[in-house]
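Step one of this worksheet: look at the structure below.
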Amino acid sequence: MPWTGPHNEEDKAMVKLYTTLFANFIRTGDPSTKDRHWAPYLPLEGAYININSPSDAEMSRCLPIPADRLNLWRDMVKVKENLQEDYLVECQARDIMLDQCNANY
0 MPWTGPHNEE
10 DKAMVKLYTT
20 LFANFIRTGD
30 PSTKDRHWAP
40 YLPLEGAYIN
50 INSPSDAEMS
60 RCLPIPADRL
70 NLWRDMVKVK
80 ENLQEDYLVE
90 CQARDIMLDQ
100 CNANY
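For the sequence shown, the residue numbers in numbering that gives the first Met the number 0 are 0 to 104.
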């Protein structure tokens, strides 16, 4: 997205930081950068935020969907994985996380 209007070096640095965080999260599942570590909220790999109730996006991850829908994005970030196995592992991890959250509330 092109810059419109006035901007300064601090604005550019902030945009670069957030762009890097999102890019790292898409590529590796970990948004951390070399200068800034983003500690996981729970000791589960890839859990970085606290959500009191499952979001629509979180719930939709475990709905039966064709793996082909994600292949374009995986190819764009050069990640090759077995999406059907990932789907089952993510569902199990989500269930464990939700059980832990429910036990704490």
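For each residue, glycine too, the CB sits at the ideal point set by N, CA and C.
Report task. Could you tell me how far apart the beta carbons of Leu20 and Pro30 are, in whole angstroms, since I believe they sit closer than 8 Å? Result -> Against the sequence shown, residue 20 aligns to sequence position 21. Against the sequence shown, residue 30 aligns to sequence position 31. Confirmed, Cβ separation roughly 4 Å.
Query raised in the report: How should Met13 be labelled, buried or exposed, when 16 other C-beta atoms within 10 angstroms of its C-beta is the threshold for buried?
Result: In the sequence shown, the residue the question calls residue 13 occupies position 14. So Met13 counts as exposed.
Query raised in the report: Taking just the CA atoms, how far does Asp10 sit from Val88?
Result: Counted from its first residue, the sequence shown places residue 88 at position 89. Counted from its first residue, the sequence shown places residue 10 at position 11. For Val88 and Asp10, the distance between alpha carbons rounds to 39 Å.
Requested in this report: Go ahead and pull the three-state DSSP assignment for Thr27.
Outcome: Start at 1 with the first residue of the sequence shown, and residue 27 comes out as number 28. The answer is helix: DSSP assigns Thr27 an H, G or I state.
**Report entry** Cβ shell of Asn23 (< 7 Å), same chain only, five flanking positions each side left out
**Finding:** Walking along the sequence shown from the start, residue 23 turns up at place 24. Result list for Asn23: Asp29, Pro30, Ser31 and Thr32, in chain order.
Query raised in the report: Secondary structure at Arg93, three-state DSSP: helix, strand or coil?
Result: Position 94 of the sequence shown, counted from the start, is the residue given in the question as residue 93. DSSP places Arg93 within a helical segment (H, G or I) once states are collapsed to three.
Query raised in the report: What is the DSSP secondary structure of Thr32, counted as helix, strand or coil?
Result: Translated into positions along the sequence shown, residue 32 becomes position 33. Note: Thr32 maps to coil in three-state DSSP.
Requested in this report: State the DSSP-derived secondary structure class of Asn101, mapped to helix, strand or coil.
Outcome: Residue numbering aside, residue 101 sits at position 102 when the sequence shown is read from its first letter. Looking at Asn101 - three-state DSSP - the assignment turns out to be helix.
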